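Counting from 1 along the sequence shown, just add 27 to a position and that's the residue number in our numbering. Idealized CB from N, CA, C, for every residue including glycine. Small disclaimer: the values here were computed from a predicted structure and weren't measured. Scroll down for the structure; my scribbles are underneath it.
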Amino acid sequence: MQTRAKATSSTERRGPFFTVEPESHVEFMNSSGAAIACSSQGNPSPQITWIKKDGTPVSDVAGLRHVRPDGTLVFQPFRAEEYRQDVHSAIYRCVARNVVGSIASKDVNVRAGKCSNGFYKK
28 MQTRAKATSS
38 TERRGPFFTV
48 EPESHVEFMN
58 SSGAAIACSS
68 QGNPSPQITW
78 IKKDGTPVSD
88 VAGLRHVRPD
98 GTLVFQPFRA
108 EEYRQDVHSA
118 IYRCVARNVV
128 GSIASKDVNV
138 RAGKCSNGFY
148 KK
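Shown next as structure tokens:
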């Protein structure tokens with residue numbers, strides 16, 4: 028009696044899984060900015076999106092925040108007077124989705140500190 032191991036096919040569909048999951052806390056200075064990586068694999072290849080705590084999709088905010096095609100959430104350096112609480116002190120989640128299913132990262136608490144007149148403030 029022969030038994031055969033089931034071979035996985037390259038065409039077999041698979042739900043997304045994280046290959047890089049973001050940290051739960053990200054702090055940065057306004058002078059440096061930050062990039063938060065998130066990537067996943069699956070079959071077909073998952074699409075990465077970012078959502079806010081309330082579930083709404085993250086949109087680009089000119090000069091402050093954008094999502095790169097590779098799924099990285101980028102916070103650009105900004106002047107202290109450009110600080111926005113809804114952008115720089117917020118909770119985000121990375122979501123990977125394909126036709127098989129979707130997964131979401133843990134909450135990512137983002138906090139930007141401001142340098143104003145040489146003093147650091149959170």
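Who are the Cβ neighbours of residue i in its own chain at under 6 Å, not counting the five residues just before and after it?
{"i": "Arg40", "result": "Asn70 and Val127"}
{"i": "Ala64", "result": "Val47 and Thr99"}
{"i": "Phe45", "result": "Ser67"}
Note down, in chain order, each residue of its chain lying with its Cβ closer than 8 Å to the Cβ of residue i, except the 5 sequence neighbours on either side.
{"i": "Thr83", "result": "none"}
{"i": "Thr38", "result": "Asn70"}
Cβ of residue i within 8 Å of Cβ of residue j?
{"i": "Pro43", "j": "Asn125", "result": "yes"}
{"i": "Gln94", "j": "Val85", "result": "In the sequence under discussion, the amino acid at residue 94 is Val, which differs from the Gln named in the question. The answer is yes: Cβ separation under 8 Å."}
Apply the 10 Å Cβ neighbour rule to residue i and answer buried if 16 or more other Cβ atoms are within range, or exposed otherwise.
{"i": "Ile118", "result": "exposed"}
{"i": "Thr99", "result": "buried"}
{"i": "Ala139", "result": "buried"}
{"i": "Thr92", "result": "Residue identity check: residue 92 is Arg in the sequence provided, not Thr. Classification for Arg92: buried."}
{"i": "Ser51", "result": "exposed"}
For residue i, write down the residues that DSSP places opposite it in a beta bridge.
{"i": "Ser67", "result": "Phe45"}
{"i": "Phe55", "result": "Ala139"}
{"i": "Lys79", "result": "Tyr119"}
{"i": "Ala62", "result": "Val101"}
Just tell me which of the options has its CA closest to the CA of residue i.
{"i": "Pro96", "options": "Ala139, Gln112, Pro73 and Lys133", "result": "Pro73"}
{"i": "Glu48", "options": "Gly90, Ser66 and Asp81", "result": "Ser66"}
{"i": "Gly90", "options": "Glu50, Gln68, Lys80 and His115", "result": "His115"}
{"i": "Pro141", "options": "Lys133, Glu50 and Glu108", "result": "Correcting the residue identity first, residue 141 is Lys in this sequence and not Pro. For Lys141, the nearest C-alpha among the options comes from Glu108."}
{"i": "Ser120", "options": "Ile75, Ile63, Lys79 and Ser59", "result": "The sequence shown places Arg at residue 120, not Ser. For the residues Ile75, Ile63, Lys79 and Ser59, the minimum Cα distance to Arg120 belongs to Lys79."}
{"i": "Ser59", "options": "Arg106, Glu50, Arg111 and Asp134", "result": "Arg106"}
{"i": "Gln184", "options": "Glu50, Asn57, Ser51 and Trp77", "result": "With the chain covering only 28 through 149, there is no way to say anything about residue 184."}
In chain order, what residues of the same chain have a beta carbon less than 7 Å from the beta carbon of residue i, not counting five sequence neighbours either side?
{"i": "Ala61", "result": "Val53, Phe55 and Phe102"}
{"i": "Ser129", "result": "Pro43, Val122 and Ala123"}
{"i": "Ser133", "result": "The identity of residue 133 in the sequence shown is Lys, whereas the question assumes Ser. So the list reads Ser51, once near-sequence residues are dropped."}
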